[in-house]
Amino acid sequence: MKRQYWYVIVAYVLMQLSGLAGVPLLLYLGIGANAQNKIIASSIASGYWAVISFSVTFFIILFLLRDDIKHRHDRDQASAPVAFMWAIGGFFLALFAQAIAANIEFRFFGVEMGSENTRRIVEIIKLTPLLVIVTSIIGPILEEIIFRKIIFGSLYKKYNFFIAAIISSLLFAVVHMEFEHLLLYSAMGLTFAFLYIKTKRILVPIFAHVAMNTFVVVMQTVFADDIEKMMKQAEKMQFIFGGF
2 MKRQYWYVIV
12 AYVLMQLSGL
22 AGVPLLLYLG
32 IGANAQNKII
42 ASSIASGYWA
52 VISFSVTFFI
62 ILFLLRDDIK
72 HRHDRDQASA
82 PVAFMWAIGG
92 FFLALFAQAI
102 AANIEFRFFG
112 VEMGSENTRR
122 IVEIIKLTPL
132 LVIVTSIIGP
142 ILEEIIFRKI
152 IFGSLYKKYN
162 FFIAAIISSL
172 LFAVVHMEFE
182 HLLLYSAMGL
192 TFAFLYIKTK
202 RILVPIFAHV
212 AMNTFVVVMQ
222 TVFADDIEKM
232 MKQAEKMQFI
242 FGGF
């Protein structure tokens, strides 16, 4: 693995841990001072610190990868039109993989559908709307650079696709700290790894990941009330049909 790749990984890990000092610092500086309670104040500070830390790390990583960006062209990479089609199709493929994995978790392992991590992030977005930049754009870009380009890409040179994809996908799942959804995150990781190796363009899984995260955020913020009404209506219909 290239030396700068290790620097990128270290920068990413430090970013993930930086909240331990960053959030208390923002609280000390008065961020969230007008909140109703300490929990909300901490959530607001967490949102702002995520925006700061992710943004700074994003530019640091771009600087560290400046040579890769300059020499990013690969003879074997898909053409722009083909890559675009895979990027669009990859979004739907990721949603499909997520749905299949979620159903398997529910039916065979009794894991409730829905992510506590996602719900928590959505609640913070409502308090700190600027966080959507991180969840929908910067976060997915960094994750694809780390887990697909660097970790998967490095492992793929030594092992076959499945070993490289499974290891990188499991690490991707562990980082999200929802071990009950290990299969779900692994399925998404495998999908993004497939898109990367299929097109040889990291921008393809980045686009699919950004699109999927944006879709989830929009559905759970803008259309949250409509979805809740639809769920309640579906429950009523199920109850009615269950009476026959």
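With the working numbering, letter number 41 in the sequence shown gets 42, and the count goes up by one each step, no holes.
The beta-carbon is built from N, C-alpha and C at its ideal position, and this holds for glycine as well.
Separation of Phe148 and Ala194 (C-alpha to C-alpha, rounded to the nearest whole angstrom) is 9 Å. Nearest neighbour of Ala51 by Cα position, chosen from Glu179, Leu185, Val135 and Val218, turns out to be Val135. Rounded to the nearest angstrom, the gap between the Cα atoms of Ile146 and Phe216 is 21 Å. Residue nearest to Leu131 within the set Ile164, Ser54 and Phe107 is Ser54 (criterion: CA-CA distance). Between Phe109 and Phe180, the alpha-carbon positions lie close to 16 Å from each other. Here the C-alpha atom of Gly91 lies approximately 10 Å from the C-alpha atom of Tyr197. Annotation: Ala166 to Tyr160 spans about 10 Å, alpha carbon to alpha carbon. A direct Cα-Cα distance of roughly 19 Å separates Gly20 from Phe173. Contact check for Ser116 and Val218: beta-carbon distance about 12 Å, past the 8 Å limit, so the pair fails to qualify. The Cβ atoms of Gly33 and Ala42 sit closer than 8 Å to each other.
Scanning its chain for C-beta atoms nearer than 7 Å, with the 5 sequence neighbours on each side dropped, one finds no residue around Ser80. By the neighbour-count definition (other C-beta atoms within 10 Å, threshold 16), Leu26 is an exposed residue.
Proximity to Ile89 across Gln221, Met220 and Val211 peaks at Val211, based on C-alpha coordinates. When rounded, the separation of the alpha-carbon atoms in Ser170 and Asn35 is 40 Å. The C-beta separation of Leu185 from Gln99 comes to about 6 Å, placing the pair in contact by the 8 Å criterion. Leu28 sits in a helix when the DSSP states are folded into three classes. Under the three-state reduction of DSSP, Thr200 is assigned to helix. With respect to the C-alpha of Asn118, the residue from Trp87, Gln221 and Leu94 having the closest C-alpha is Gln221. Distance from the Cα of Lys199 is smallest, within the candidate group Gly154, Tyr6 and Val223, for Gly154. If you look at Asn104, you'll find it in the alpha helix (DSSP H) that goes Ala81 to Phe110. Thr129 carries a coil assignment under DSSP once its states are collapsed to helix, strand and coil.
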